[in-house]
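This report concerns only the one structure given below.
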Amino acid sequence: MKYSSLALYCGSSAGNNPNFRTLAADFGRRCAEKNLTIYYGGASIGLMAEAANAARAKGGRVVGIAPDFFSNRSVIDTSLEELIIVNSMSERKQLMESSADGFVILPGSYGTMDEFFEMMTDAQLGLHSKPVAIVNAEGYYDHLVAQLERFRVDGFLRPFHYNLLIVANDLDELFEKLDRYENSNDPEWLKLIKK
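All the letters of the sequence shown, read from the start, carry residue numbers 466 to 660 under the working numbering.
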């Protein structure tokens, strides 16, 4: 797959594991080295900032998209060269979805999962055909991956929808799988559900 940008979804907290901060920074550097634009939530804190700062330090392009209700002083990185302020979290997700060529999930919690499941649902419904990838570093998302498998086993998730998701244990595997990505959705199924 050819791609020139990735949307990053991850924690606005740095968490307790310093390896996750390293992971986010490495992701930012790798994107810069590959000339990939990063679209992210525009935060000046947490794993989000680790990735953005590392990318910028290597000369990478970073675009922040942030809702207007956040404090500029404590949350939004106003030093970004490209910062887009929107009216809501929903608008932010929609703009990130339409702007990026793929979506990468690093460790996070509620907000990260909200973004992940919206991107997966939209992929399932054929609203986009872009890759969605979880980086399951140190088994952080083991339970989530097991739950998705349970969805499939119990008949709530068709195999071709289950296969839409990329799961990678590290960044080497992530970029290798992104390079080889092929959308697994079923065109016949999409014809049945869409106008």
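Each residue gets a CB set at the ideal place from its N, CA and C atoms; glycine is no exception.
What would DSSP say about residue i, mapped onto helix, strand or coil?
i: I658; result: helix
i: V540; result: coil
i: E647; result: coil
i: A633; result: strand
i: F616; result: helix
i: F534; result: coil
i: A514; result: helix
i: L639; result: helix
i: G524; result: coil
i: G480; result: coil
i: Y627; result: helix
i: S563; result: helix
i: F485; result: helix
i: Y605; result: coil
Name the DSSP bridge partner or partners of residue i?
i: S470; result: T502
i: L548; result: G529
i: F568; result: A472 and V597
i: A508; result: I541
For residue i, count the other beta carbons within 10 Å of its own beta carbon; 16 or more makes it buried, fewer makes it exposed. Which is it?
i: F568; result: buried
i: Q612; result: exposed
i: S509; result: buried
i: H626; result: buried
i: F581; result: buried
i: T577; result: buried
i: A517; result: buried
Given residue i, which residues of its chain have a CB within under 8 Å of its CB, disregarding the five upstream and five downstream residues?
i: Q559; result: none
i: S469; result: N500, L501, T502 and D566
Which residues in the same chain have their Cβ closer than 6 Å to the Cβ of residue i, if we skip the five residues on either side of it in sequence?
i: N648; result: S594
- Message: Would you call the segment 600-616 in contact with the segment 498-508, where contact means no fewer than 3 C-beta pairs closer than 8 Å?
- Response: With a cut-off of 8 Å, the segment 498-508 and the segment 600-616 do not count as touching, because too few Cβ pairs lie within range.
- Within the chosen definition, does the segment 581-594 reach the segment 478-488 through at least 3 CB pairs nearer than 8 Å? Pairwise C-beta distances place the segment 581-594 out of contact with the segment 478-488, as fewer than three of them are shorter than 8 Å.
- Query: Is it a yes or a no for the segment 547-558 touching the segment 524-535, going by three-plus beta-carbon pairs under 8 Å?
  - Reply: Yes, they touch.
- Item | Stretch-stretch touch, CB-based, cutoff 8 Å, three pairs: the segment 539-548 with the segment 507-526 | Flag = yes, the segment 539-548 and the segment 507-526 touch.
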